[in-house]
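Enquirer: Below are the C-alpha cells for one structure; questions will follow.
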Amino acid sequence: MLVSYKWLNEYVDIKDIEVEDLADLMSRTGLEVEGIEQFGKDLKKVVVGHTLKVEDHPDASHLHVCQVDVGEEDPLQIVCGAPNIAENQKVIVALPNSRVAGNIKIKKGKLRGVVSQGMICSLQEIGIPENVVPKAYADGIMVLPEDAPVGEDIKTYLGLEDPILDIDITPNRADALSLRGVAHEVGAIYDRKVTFPTSPEEVEGNLKDEVELKVEDTTLFPEYNAFLVKNVKVQPSPLKIQMRLMKEGIRPINNVVDATNYVLLEYGQPLHAFDYDKLKSKVIAPRLARKGETLVTLDGIERQLTSHDLVITAGDEPVALAGIMGGLETEVDEHTTTVMIEAAQFEGGHIRKTARRLSLHSESSLRNERGVNKATIAEAGAYAARLMEEWAGGHRVPGKTQHSVVDTAPVQVQSDLAYINRMLGMTLTYEEMLECFRKLGFPVEGTAENFTVSVPARRWDIHIPADLVEEVARIYGYDKLPSHLPAIPPVNLGLNAWQRFVRQSSRCLEALGFNQVIAYSLTSENKVKVLQSHPHEAVVLDFPMSDDRKLLRTNLLTTLLDIAQYNINRNVKNVQIYEVGRVFYADQIEDGLPKEESHAAGLWTGNISEKGWQEDAIPVDFYAMKGAVEEFLEQMNCLDEMTFQAAHDLPDTHPGRTAIIRIGDKEVGYLAQLHPQTAKAYNLAANTFVFEVNMEAIFALPEKEVVQKPLPKYPSVARDIALVVKEEVTNEEICQMIRQSSKAYLTHIKLFDIYRGKGIEEGYKSMAYQLTYQNPEATLVDDEVNTDFEKIKDGLRDQLSAVIRD
116 MLVSYKWLNE
126 YVDIKDIEVE
136 DLADLMSRTG
146 LEVEGIEQFG
156 KDLKKVVVGH
166 TLKVEDHPDA
176 SHLHVCQVDV
186 GEEDPLQIVC
196 GAPNIAENQK
206 VIVALPNSRV
216 AGNIKIKKGK
226 LRGVVSQGMI
236 CSLQEIGIPE
246 NVVPKAYADG
256 IMVLPEDAPV
266 GEDIKTYLGL
276 EDPILDIDIT
286 PNRADALSLR
296 GVAHEVGAIY
306 DRKVTFPTSP
316 EEVEGNLKDE
326 VELKVEDTTL
336 FPEYNAFLVK
346 NVKVQPSPLK
356 IQMRLMKEGI
366 RPINNVVDAT
376 NYVLLEYGQP
386 LHAFDYDKLK
396 SKVIAPRLAR
406 KGETLVTLDG
416 IERQLTSHDL
426 VITAGDEPVA
436 LAGIMGGLET
446 EVDEHTTTVM
456 IEAAQFEGGH
466 IRKTARRLSL
476 HSESSLRNER
486 GVNKATIAEA
496 GAYAARLMEE
506 WAGGHRVPGK
516 TQHSVVDTAP
526 VQVQSDLAYI
536 NRMLGMTLTY
546 EEMLECFRKL
556 GFPVEGTAEN
566 FTVSVPARRW
576 DIHIPADLVE
586 EVARIYGYDK
596 LPSHLPAIPP
606 VNLGLNAWQR
616 FVRQSSRCLE
626 ALGFNQVIAY
636 SLTSENKVKV
646 LQSHPHEAVV
656 LDFPMSDDRK
666 LLRTNLLTTL
676 LDIAQYNINR
686 NVKNVQIYEV
696 GRVFYADQIE
706 DGLPKEESHA
716 AGLWTGNISE
726 KGWQEDAIPV
736 DFYAMKGAVE
746 EFLEQMNCLD
756 EMTFQAAHDL
766 PDTHPGRTAI
776 IRIGDKEVGY
786 LAQLHPQTAK
796 AYNLAANTFV
806 FEVNMEAIFA
816 LPEKEVVQKP
826 LPKYPSVARD
836 IALVVKEEVT
846 NEEICQMIRQ
856 SSKAYLTHIK
866 LFDIYRGKGI
876 EEGYKSMAYQ
886 LTYQNPEATL
896 VDDEVNTDFE
906 KIKDGLRDQL
916 SAVIRD
C-alpha cells in the first residue's frame, strides 16, 4: 500500500512529524513501512514551459526544433523528438545544466547540427514510473493544462515534493488498505484527531425504475448498491487527481474510472463503473456462474467461468467478475454518457479462489478477499457519484437501489484487566488501558474486573479478547513491554541419538567434499516424479503460492537437480552438494497425516580436480561417487554387510550405471549416474552422479560393536589372482564368493585391474584381485595360505564359471 504523506496530512495533522520518524513509529506499532520514495527527488532546474513555435528539423524527419518560453527574457531553442509536440503547449522543460531522473545532467548541445538549450521532458524523464503514466503520454511528452504558470518549478506545480510511504499490510490488517484506515492508525499512535471531508448527503429517492436488483444468495452477496450518474463527459481527470493516483501506484484512465479508483484508495472500498446504456437489461442479478459460461474481461481476455465464480449479470448475462474485474462489453469509454456505480460486499473466499485460478489479481480483488468496511459501502458509492458530478459534469440521479443484510453495529468484546496484564506480562492500570482504547476510538464500558469494548465496523479484524491484547500492546508500545526470561525446568541437555546420527552424517558428507544445501520442500507437477525410485503420490497444497511450488517433494534429488542447474547456469561447473531433509507421501498415512521420512541425498558433477600445468583434469566417475557413498555408509557403523546390486529400471538413471544399496537384506537407497536425457534437460554434464538413502531405515538397523584391537605383531601375506568372467558378473558377486570360499585369515580384498580386449573373448572381462591374509597370533605359513587360496579358486570356478589366469 502506497500512502502519500501530503494526502495523509489532509486527514490527520502530521506536518510537524518528519516522514522518517513517522515510518519508524508506524513500523513499531504494526504497519511496517518498507521504504520511502519521492518522485522527482533528483530534479533541478526543471520548469513549466510554453512552446511558441515548432518546426521540423532540417536533417531529421523525427525531430522538431522548438522555441520555448520558460519565463526568462528570451525563449530557449530546444530540439525535441516527441511525436505529440506542437505549438502553444504547456510542457515540462529541463533547462541547461539541469538534472532529471537518475541524476542525469542536461547540457546545452547540438542535435544533428542544431543547437538545443535543454530538453522537453516526458513524465518518465522526471521520475514517474512507466507503469502509471497515462497511456496518452506513454510514448511522448506530457501536455500540461493551459493555466500552468510558465517558469514555475515543476516539483512545486506537480506536487512532487511528497514522500510516499510503502507500507507492507499484513492479511489481518485489511483496514489499512485505505488512506482513511492509515489515518486512523496514525491518529491513534500520535493521539491526534482524525478529520475526513464531509460525507456526501444521501439524496432521497429510489432507482427501481432505472435499476432493479435481484439478489438470491445473501451469504455470497451481503450488500449491493447501485447509483446512477447521467450526462457525464468522459475526459481526463484534473491534473491534481492524476498526480495523486500516480503517486499511489495507479495509472489514470479517465475521470469516471479515476473517480472509482480514488474512492478505492480513500475508503478501501472497491467500486465498478458500468456504461449503463450498454447493459442489455436493467435487472442486475449477482449470482454464481454456470459451468460453460464465458466472459471477456476489461483486459480483453475471454475467461472460462466455473460454478465457483461470482458474477454480476444484466438480464442473466454475465457482465462482470464480481469483486475482481468488469466485462469489456460494458466498459466506460469516450462515448459513455450514463454511468451505473456498483458498491458492494462479496464473500471473500470465492473472490480469492477465482482470482488465483485465473491469475487475475487486482486492487479490487485484494480488498474484497480480505474484507471491507461494512459501514461505508454505500457512502463510498455516493462519494464516487459526487466526484463524477464534479469531474465529469454529470448529474447524479437522486437515491440508490440497495440490497443489504449487513449489520454495521459495533462488535462487543468482553475482557478484564487481569487477562490483559497476564498476556502482556505487565501491570497496566485500568486508566492506562482505557487511554489506549481512547486513542483507537473504541468506547469502553464496565470496570477493571469486567469491561466491554465497542469495536467499530472499520476494524473488522477484532473479535476476541486476544485481539484487544494486541491493540493495547501496539498503542502502549511494544518497546515498553518488559523483558522476562522464561522459566525453564531443568532438563538433560545435549543431543538425542537421532540428532547425533544426523549431525554425524552431515559431518561425514562434508568431510568427503560435499557442500550442504537446504532446498524448498515444494516442487511442481512436472518435477515431482523425477528420480522417484519408488512410485508415491505427492501431497498437493490447497492454496499454493505458484504452480512451481504446488506439491510436497517425494524425494530430495528433485530439488537438488534444480540447485545444480542454477549453479551450472552461473558458470559453477563443479557441483558437489548434499541435503538431509524430509520427503512426504500422500499414499501412506500415519496418525491421519501423510507419512514423512528423513532422507539424505547427494549430487556430484564436473571434475574431481582441475587441470594443472603438470596434470590433466580428472572428471568425476561412477566409482568416485560409489567410493564416497561407501565411506559415508561405513561411518553409520551398521552391523550388517553393505552391498550394491545392479539395477536397470530406475527412472531417469543410466541403465548400466545404477545400483540399489542394501545393508543386510534391507534396501536403504540407490546410487546412479543420471540418464543422458535427464542430464540434458537440466543442462548438466553427462557425468552427473546422484545418491539418495533413507536415513530412518539406516538409523533403525542394529549397530556394530566397535572393539579396539592391538596392532598386529605378525606380517601379512598377499596373493594375487586374475580371472576371466562373463561381462554381467559384478565385482560384488566375486567378492562375496571369495569371502564364502575362504575359511580363515582373509582380511582384505582389493580389485586392482579390469581388462577387456586382445586375448579376452568378447562378452568377457579379466579382473585381478589382491587377497591379504594375516594371523594376529602367529606367523602364517605358505601351506595355510595356499590351501585357502585353492579353495577360493575352486569356488570361483564352480559358482561363477570363472577361468583362472596364470
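The number in the working numbering is simply the position in the sequence shown, starting from 1, with 115 added.
Built from N, CA and C at the ideal position, the CB exists for glycine as well.
Everything numeric in this text was worked out from a predicted model, so none of it was measured.
Evaluate Pro385 with the Cβ neighbour count: other Cβ atoms within 10 Å of its Cβ, from every protein chain shown; 16 or more gives buried, anything less gives exposed.
Expert: Under this definition Pro385 is a buried residue.
Enquirer: Looking at the structure shown, is Leu146 part of a helix, part of a strand, or coil, going by DSSP?
Expert: In the structure shown, Leu146 sits in coil (DSSP, three-state: anything other than H, G, I, E or B).
Enquirer: Excluding the 5 residues flanking Asn689 on each side, which residues of the same chain have their C-beta closer than 7 Å to its C-beta?
Expert: Contacts found: Gly721, Asn722.
Enquirer: Note the first and the last residue of the continuous alpha helix (DSSP H) segment covering Ile304.
Expert: Looking at the DSSP string, the run of the alpha helix (DSSP H) that includes Ile304 is 294 to 305.
Enquirer: Does DSSP put Gln619 in a helix, in a strand, or in coil?
Expert: Here Gln619 sits in helix by DSSP.
Enquirer: To the nearest whole angstrom, what separates the beta carbons of Ile577 and Val526, a pair I think is in contact under 8 Å?
Expert: Correct: roughly 7 Å between the Cβ atoms.
Enquirer: Does Glu694 come out as helix, strand or coil in the three-state DSSP assignment?
Expert: In the structure shown, Glu694 sits in a strand (DSSP, three-state: E or B).
Enquirer: Pick out whichever of Leu754, Leu600, Asn376 has its Cα sitting closest to the Cα of Leu502.
Expert: Among Leu754, Leu600, Asn376, the Cα nearest to that of Leu502 belongs to Asn376.
Enquirer: With Trp719 as the anchor, note down where its beta strand (DSSP E) starts and where it stops.
Expert: Run containing Trp719: 708 to 720, per the beta strand (DSSP E) assignment.
Enquirer: Are the Cβ atoms of Glu338 and Val521 separated by less than 8 Å?
Expert: Taking 8 Å as the Cβ cut-off, Glu338 and Val521 qualify as a contacting pair.
Enquirer: Over the uninterrupted beta strand (DSSP E) stretch that includes Pro817, give me the two end residues.
Expert: From DSSP, Pro817 is part of no beta strand (DSSP E); its letter is neither H nor E.
Enquirer: Is the beta carbon of Lys642 sitting closer than 8 Å to the one on Val655?
Expert: The answer is no: Cβ separation not under 8 Å.
Enquirer: So is Ile241 buried or exposed if we call it buried at 16+ other beta carbons inside 10 Å?
Expert: The residue is buried, with at least 16 neighbouring Cβ atoms inside 10 Å.
Enquirer: Mark Arg615 as exposed unless 16 or more other C-beta atoms lie within 10 angstroms of its C-beta, in which case mark it buried.
Expert: Classification for Arg615: exposed.
Enquirer: If you run the structure through DSSP and keep just helix, strand and coil, what is Val632?
Expert: Three-state result, Val632: coil.
Enquirer: Pull up the distance between the alpha-carbon of Gly464 and that of Lys329, whole angstroms please.
Expert: Cα-Cα distance, rounded: 22 Å.
Enquirer: Let me make sure I understand the geometry here. Which of Pro513, Glu811, Leu413, Val454 has the alpha-carbon closest to that of Ala507?
Expert: Minimum Cα distance to Ala507 is reached at Val454.
Enquirer: Would DSSP call Lys828 helix, strand or coil?
Expert: Residue state, collapsed to three classes: coil.
Enquirer: Anyone know if the C-beta pair for Arg573 and Asn483 falls short of 8 Å?
Expert: Not closer than 8 Å, so no.
Enquirer: Indicate whether Gly496 and Ala458 have their beta-carbon atoms separated by less than 8 Å.
Expert: Yes, they are a contact pair.
Enquirer: With DSSP run on the structure shown, which of helix, strand or coil describes Ala774?
Expert: Strand at Ala774.
Enquirer: Could you tell me which residues DSSP puts in a beta bridge with Asn64?
Expert: No information on residue 64 is available, as it lies outside the stretch 116 to 921 that the chain covers here.
Enquirer: Is the distance from the Cβ of Ile776 to the Cβ of Tyr785 below 8 Å?
Expert: Yes, Cβ-Cβ distance for Ile776 and Tyr785 is below 8 Å.
Enquirer: Do you know offhand how far Glu505's Cα is from Thr567's?
Expert: The straight-line gap from Cα to Cα measures roughly 43 Å.
Enquirer: Rounded to the nearest angstrom, how far is the Cβ of Asp281 from that of Gly150, given a contact under 8 Å?
Expert: So it is a contact: roughly 5 Å between Cβ atoms.
Enquirer: Give me the Cβ distance between Tyr120 and Ala298, rounded to the nearest whole Å; I'm assuming they're in contact under 8 Å.
Expert: Not quite, the Cβ-Cβ distance comes to about 12 Å (not below 8 Å), so this is no contact.
Enquirer: Looking at the structure shown, is Asp268 part of a helix, part of a strand, or coil, going by DSSP?
Expert: Strand at Asp268.
Enquirer: Residues in its own chain within less than 7 Å of Glu842 by CB, not counting five upstream and five downstream?
Expert: Excluding positions up to five away in sequence, the list reads Gly878, Tyr879, Lys880.
Enquirer: Less than 8 Å separating the beta-carbons of Gln788 and Arg772?
Expert: Yes; because the gap between Cβ atoms is below 8 Å, this pair is in contact.
Enquirer: Excluding the five sequence neighbours on either side, which residues of its own chain have a C-beta within less than 7 Å of the C-beta of Leu238, listed in chain order?
Expert: Taken in chain order, the residues that qualify are Val248, Tyr252, Met257.
Enquirer: Quick test of the definition: if touching needs 3 or more C-beta pairs under 8 Å, does the stretch 581 to 588 touch the stretch 528 to 536?
Expert: Yes, the stretch 581 to 588 is in contact with the stretch 528 to 536.
Enquirer: Do Ala400 and Pro433 have their C-beta atoms closer together than 8 Å?
Expert: Their beta carbons are not under 8 Å apart, which means Ala400 does not touch Pro433 by this criterion.
Enquirer: Please classify Ser831 as buried or exposed, where buried requires at least 16 other C-beta atoms within 10 Å of its C-beta.
Expert: The residue in question, Ser831, is exposed, as its Cβ has fewer than 16 Cβ neighbours within 10 Å.
Enquirer: Using beta-carbon positions only, say whether Met116 and Ile284 come within less than 8 Å of one another.
Expert: Yes.
Enquirer: What residue range does the alpha helix (DSSP H) around Cys850 cover?
Expert: Unbroken alpha helix (DSSP H) run through Cys850: 846 to 856.
Enquirer: Let me make sure I understand the geometry here. Which of Asp136, Met541, Ala796 has the alpha-carbon closest to that of Val301?
Expert: The shortest Cα separation from Val301 among Asp136, Met541, Ala796 belongs to Asp136.
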